[in-house]
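*Asks:* The structure's right below; bear with me while I get my questions together.
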Amino acid sequence: MKKLPTLHILNGDASVAAFEKADLPGQVLVWREVLSEGPVTATLPEHEFWQQRQAYITSAYSEPANAYQEKVLDTVERLKTTGSAFFEIILWFDTDLMCQVNLLYLLQLVGTPKAGVVSVCTPAPGENVGLLPPDKLQKLMEERQVLQAEELKQARALWQLYTSPDPLELQAYLHQTTLALPYMRQALQLHLRRFPDCADGLSEHERALLHFVQAGAKTIEELMQQFWQHDPGYGFGDSQLHQLLDRLQPDLIQTTNPLKLSFFGDRVLQGRAMYKPKPHWLAAVKVNSKYGFCFNSETNSLQKKH
1 MKKLPTLHIL NGDASVAAFE KADLPGQVLV WREVLSEGPV TATLPEHEFW QQRQAYITSA
61 YSEPANAYQE KVLDTVERLK TTGSAFFEII LWFDTDLMCQ VNLLYLLQLV GTPKAGVVSV
121 CTPAPGENVG LLPPDKLQKL MEERQVLQAE ELKQARALWQ LYTSPDPLEL QAYLHQTTLA
181 LPYMRQALQL HLRRFPDCAD GLSEHERALL HFVQAGAKTI EELMQQFWQH DPGYGFGDSQ
241 LHQLLDRLQP DLIQTTNPLK LSFFGDRVLQ GRAMYKPKPH WLAAVKVNSK YGFCFNSETN
301 SLQKKH
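Numbers 1 to 306, taken from UniProt numbering, label the letters of the sequence shown in order.
Written out as structure tokens, the structure is:
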């Protein structure tokens, strides 16, 4: 059976307009999941994995179940059934954590022995596929990274490690292994820094929000702008930052206008009190007040909580 020429996979609808202007040959598929957020437990049977994801997305983002079916589950099924029909699959993903985790999932999905050529287009840090002019998108495609069998095998291994209930295994792999994807190490190290700090219970990005409020961010909009300016590596949008802020209010940040640290939040930021995180997921790890892992800022590494 003759293969179809090219399938382009874009991360999110924000890239579609720029991609259409570039008029690159091939079919286009948009990936609309955010696998860097919420429970990602690949040890579950596949149907249970997607049930868990659907429950999370419909709750966290007020997404109707039928919309999730159309936007995500139908897309997964299409890739599973027709992905091998293309001569080449090109994945267009930015350098941030959200994009890189989505990229890992898709590489292990489409990078099967039956697949044709699998390539990756990633703009330089600080650039976004959705904001590039047509000539830069064309150049990016010409310089795309074609992945070999061993590199696809590594992507599958990284996905299994990211979705493992023991994140220390991922940390060890990152220390011991040279990664084929140039921005994956930094993204996954940032993921590990999302775990609560051993000293005060704050994750790195939670601490950043507290510092911005302490420094004078008065509104949620100001807080978001400062976060995007100083911490673009997470790839967070409005929804993710609202969820993060919801976890911190009212315990650490008062629900006032203007925004203000609570007395307890100020003490935590000074290192004089310990914060117990509200329950949330980091991949396959359920973080709560009894969480089993914490990030040691002195050794710059994740460890089991004593």
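Virtual Cβ for every residue (Gly too), placed ideally from N, Cα, C.
Note that the structure is a prediction, hence the values are computed from the model and not measured.
When DSSP labels each residue in this structure, what does Gly-38 get in the three-state scheme?
*Replies:* In the structure shown, Gly-38 sits in a strand (DSSP, three-state: E or B).
*Asks:* Only counting the same chain, and skipping five residues up and downstream in sequence, which positions put a Cβ closer than 6 Å to that of Gln-27?
*Replies:* Leu-7.
*Asks:* So Leu-152 and His-205 are supposed to be a Cβ contact under 8 Å. How far apart are they, rounded?
*Replies:* With 8 Å as the limit, Leu-152 and His-205 do not qualify as a contact, their Cβ atoms being about 31 Å apart.
*Asks:* Find the nearest neighbour of Ser-15 within the set Pro-5, Asp-23 and Val-30, judged by alpha-carbon distance.
*Replies:* Closest option to Ser-15, Cα to Cα, is Val-30.
*Asks:* What's the call for Pro-196, buried or exposed, on a 16-neighbour Cβ count within 10 Å?
*Replies:* Buried: at least 16 other Cβ atoms inside 10 Å.
*Asks:* In terms of residues, what are the limits of the beta strand (DSSP E) holding Gln-286?
*Replies:* First, the residue type needs correcting, since residue 286 is Lys and not Gln in the sequence shown. Element bounds for Lys-286: 285 to 287.
*Asks:* Using beta-carbon positions only, say whether Thr-95 and Ala-283 come within less than 8 Å of one another.
*Replies:* Contact flag unset, no.
*Asks:* For the region 74 to 87 against the region 136 to 153, do three or more pairs of beta-carbon atoms, one drawn from each stretch, fall closer than 8 Å, so that the two count as touching?
*Replies:* Too few Cβ pairs lie closer than 8 Å, so no.
*Asks:* If I follow the unbroken beta strand (DSSP E) through Asn-11, where does it start and stop?
*Replies:* Its beta strand (DSSP E) spans residues 4 to 11.
*Asks:* With three or more C-beta pairs closer than 8 Å as the rule, is the region 160 to 178 touching the region 235 to 252?
*Replies:* The region 235 to 252 is not in contact with the region 160 to 178.
*Asks:* Answer with buried or exposed for Gln-176, where buried requires no fewer than 16 other C-beta atoms within 10 angstroms of its C-beta.
*Replies:* Exposed, since its Cβ has fewer than 16 Cβ neighbours within 10 Å.
*Asks:* Classify Asp-197 as helix, strand or coil using the three-state DSSP reduction.
*Replies:* Residue state, collapsed to three classes: strand.
*Asks:* Quick one: Cα of Glu-46 to Cα of Gln-52, how far?
*Replies:* One C-alpha to the other measures close to 10 Å.
*Asks:* Ignore the nearest five residues each way along the sequence and tell me which others in Asn-288's own chain have a CB closer than 7 Å to its CB.
*Replies:* Pro-277 and Pro-279.
*Asks:* Which same chain residues end up closer than 8 Å to Arg-32 when comparing Cβ atoms and leaving out the 5 residues on each side of it in sequence?
*Replies:* Excluding positions up to five away in sequence, the list reads Gly-12, Asp-13, Lys-71, Val-72 and Thr-75.
*Asks:* Given a threshold of 16 other Cβ atoms within 10 Å of its Cβ, counted over all protein chains shown, does Ala-115 qualify as buried or as exposed?
*Replies:* Looking at its Cβ environment, which holds 16 or more other Cβ atoms inside 10 Å, Ala-115 is buried.
*Asks:* Is it right to say Glu-37 is buried, meaning 16 or more other beta carbons lie within 10 angstroms of its own, or is it exposed?
*Replies:* So Glu-37 ends up on the buried side.
*Asks:* Are the beta-carbon atoms belonging to Gln-108 and Ala-155 less than 8 Å from one another?
*Replies:* Yes. Within cutoff.
*Asks:* Could you work out which residue in Val-213, Leu-259, Leu-168 and Asp-200 is closest to Glu-298 when comparing CA atoms only?
*Replies:* Glu-298 has its Cα closest to that of Asp-200, out of Val-213, Leu-259, Leu-168 and Asp-200.
*Asks:* Consult DSSP for His-280 and reduce its assignment to one of helix, strand or coil.
*Replies:* Three-state result, His-280: strand.
*Asks:* Please classify Gly-130 as buried or exposed, where buried requires at least 16 other C-beta atoms within 10 Å of its C-beta.
*Replies:* Buried, by the Cβ-count rule.
*Asks:* Tell me the DSSP bridge mates of Val-117?
*Replies:* For Val-117, which the question treats as bridged, DSSP gives the partners Glu-88.
*Asks:* Can you give me the C-alpha to C-alpha distance between Gln-249 and Gly-265, rounded to a whole angstrom?
*Replies:* For Gln-249 and Gly-265, the distance between alpha carbons rounds to 10 Å.
*Asks:* Give the secondary structure of Asn-102 by DSSP, where H, G and I count as helix, E and B as strand, and everything else as coil.
*Replies:* Helix, per DSSP.
*Asks:* Only counting runs of 3 or more residues, tell me where the beta strand (DSSP E) segments fall wholly within the region 21 to 72, in order along the chain.
*Replies:* 27 to 31, all fully within the region 21 to 72.
*Asks:* Pick from His-211, Val-118, Phe-49 and Leu-174: whose alpha carbon is nearest that of Lys-260?
*Replies:* Among His-211, Val-118, Phe-49 and Leu-174, the Cα nearest to that of Lys-260 is on His-211.
*Asks:* Considering only their Cβ atoms, is the gap separating Leu-202 from Tyr-291 smaller than 8 Å?
*Replies:* No, Cβ-Cβ distance for Tyr-291 and Leu-202 is not below 8 Å.
*Asks:* Taking just the CA atoms, how far does Gln-138 sit from Ala-215?
*Replies:* Cα to Cα, the separation comes out at about 42 Å.
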